[in-house]
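One structure below.
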Amino acid sequence: MIRKWIAVLIFLASVSSAQAQTAAQLPTSVPASRLAHLRRGINLSEWFAQVYDPKGYTKEHFQTWSTSADIALIKSAGFDHVRLSVNPQPMMEAGERRDGAAEYFGYLDAAVKMILDAGLAVELDMHPESNFKARLAKEDDAVERFADFWRMVAQHYSSWDPERLFFEILNEPEFQDPYRWYGVEAKLAAAIRQAAPGHTILAPGARWDDDDDVIFLEPLRDPNVIYVFHFYEPHIFTHQGATWGDYYWHWLKGLHYPSQPENAAQVATLVPEALDRLYVIRYGQDHWDASRIEAEINQAAEWATHNGVPLVCNEFGVYRNFSEPQDRAAWLKDVRTSLDRHHIGWAMWDYSGDFGVAAKKDGKAALDEVTVRALGLNMPVGQR
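Residue numbers -20 to -1, 1 to 364, in mature numbering (1 follows the signal peptide of the UniProt record, and there is no 0), belong to the letters of the sequence shown in order.
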């Protein structure tokens, strides 16, 4: 926490008058009606991105993974939008084949139309794998190709309703150099804007969309932009049991929220490395609770207020396989409550994956009532 507050102070002290002037000269032009569509959302994962089935991105997968029944259930639970993850890599590869791009757009169009027809808004989120983002961080040619791709996508959807279709530049950039990211993001935003002058763009920070990263982002010279961040703090709780990220996470199970010293010390005994055990013990001593979460989210909210720009949190959640349901619900409620307090729209990660609000069996989804209530929503009649 000390590191984060030092970073905040350094940032505030270093804001240039030119940047402040830019914010003054370019007041946000995002219509309030559009922001109103992004208050309560859910992420649709593993449909057009993160498809690890050996068959890959196929017609059968696109037409069966998420159905009209899923979209109707999302709508009936009280969500107002979905964030649709799209991996550009297979789509760009399809474009190299004759009629490949048209075929791929056919599947994606059907999905977006199904969501819009249900009365939901859509964040079209470019969600590639890490190797793609690594090339963007180092190779100018990769940036040019991605800008051309975004220009094509934006042109394709330029006639679709700009009130309810939003373009997210890139999910969780992995740039160690924030200055390079600013240049890359500006180029990608310009490509989108050239092809779709009226649509609102969603713009992230340089490193993983973290809440303590967005505060270092210089707003783009485009007033029709909403800025985004993700919130998973503390990862040691939200990602306990995960087999990705920090190696020791996969040893963790039953770590409570709010954090408790005795519980953390007990869970730490499951971790073989001494240094990693200290991280777990420290979690128990750091008093992670609603007030701590509020302090974290408040710094992002203050950045948005300072720059006069709208802000949404379009990912937050808890890996459910190894966390206790009541702890997961408490964390979700505290995060959602803080976001609502700051009038920051949100989208939980995710619908039916390992962080999901629903579980699917034989293609039929069942909402988890504890999670739904934590999000401040009501269970649909047919799900009670």
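C-beta atoms are modelled at their ideal positions from N, C-alpha and C, and glycine is treated no differently.
The structure displayed is predicted, hence computed values, not measured ones.
Check	Outcome
For F126, three-class secondary structure by DSSP	helix
Beta-carbon gap between I22 and M328 smaller than 8 Å	yes
Simplified DSSP state of Q1, which is helix, strand or coil	Note that Q1 scores 38 on pLDDT, short of 50, meaning its location in the model is unreliable; the coordinates nonetheless yield the value given after this. Helix.
Simplified DSSP state of S25, which is helix, strand or coil	strand
Close Cβ partners of M359 (< 6 Å) along its chain, the five nearest in sequence each way excluded	E349, V352
Local conformation of K344 per DSSP, three classes	strand
DSSP three-state assignment for H236, whether helix, strand or coil	coil
Backbone CA spacing between H322 and D157 [nearest angstrom]	29 Å
Ranges of the beta strand (DSSP E) found wholly within the stretch 296 to 342, counting only runs of at least 3	325 to 328, 338 to 341
Same chain, Cβ closer than 7 Å to T8, neighbours up to 5 away in sequence not counted	P203, G288, V289, P290
Integer-rounded CB distance, given that P68 should sit under 8 Å from P108	5 Å
Contact the stretch 12 to 30 vs the stretch 323 to 343: 3+ CB pairs below 8 Å	yes
The ligand FMN heavy atom lying under 7 Å from the CB of T180	Here there are no bound small molecules, and the ligand FMN is not part of this structure.
Spatial distance of T2 from P238 (CA atoms)	Here T2 scores only 39 on pLDDT, less than 50, and its place in the model is too uncertain to base an answer on.
Burial state of H267 (16 or more Cβ within 10 Å)	exposed
Inter-stretch contact at 8 Å, needing at least 3 Cβ pairs: the stretch 79 to 96 / the stretch 164 to 172	no
Reduced DSSP category for A134 - H, G, I as helix; E, B as strand; rest coil	helix
Complete beta strand (DSSP E) runs within the stretch 218 to 299 (minimum length 3 residues, chain order)	291 to 296
Range of the contiguous beta strand (DSSP E) that encloses L182	181 to 183
Straight-line gap, I95 to P252 (C-alpha atoms, nearest Å)	46 Å
Beta-carbon gap between Y331 and L24 smaller than 8 Å	yes
Three CB pairs or more closer than 8 Å across the stretch 172 to 185 and the stretch 120 to 140	yes
Beta-carbon gap between L319 and C293 smaller than 8 Å	yes
DSSP bridge partner residues for V102 (one or two, in chain order)	V62, L145
Candidates E198, N151, E148, R144, of which the one nearest G163 by Cα	E198
L124, buried or exposed, once every other Cβ within 10 Å from all chains shown has been counted against 16	Reading the sequence as shown, one finds Glu at residue 124 and not Leu. The residue is exposed, with fewer than 16 neighbouring Cβ atoms inside 10 Å.
Bridge partners - D190, DSSP secondary structure assignment	H210
With 16 other Cβ atoms within 10 Å as the buried cut-off, status of R78	exposed
Residues of its chain near A309, where Cβ-Cβ distance is below 6 Å and the 5 sequence neighbours each way are ignored	V350, A354
Under the three-state DSSP convention, the category R14 falls into	helix
M72 to S271 span [Cα, whole Å]	44 Å
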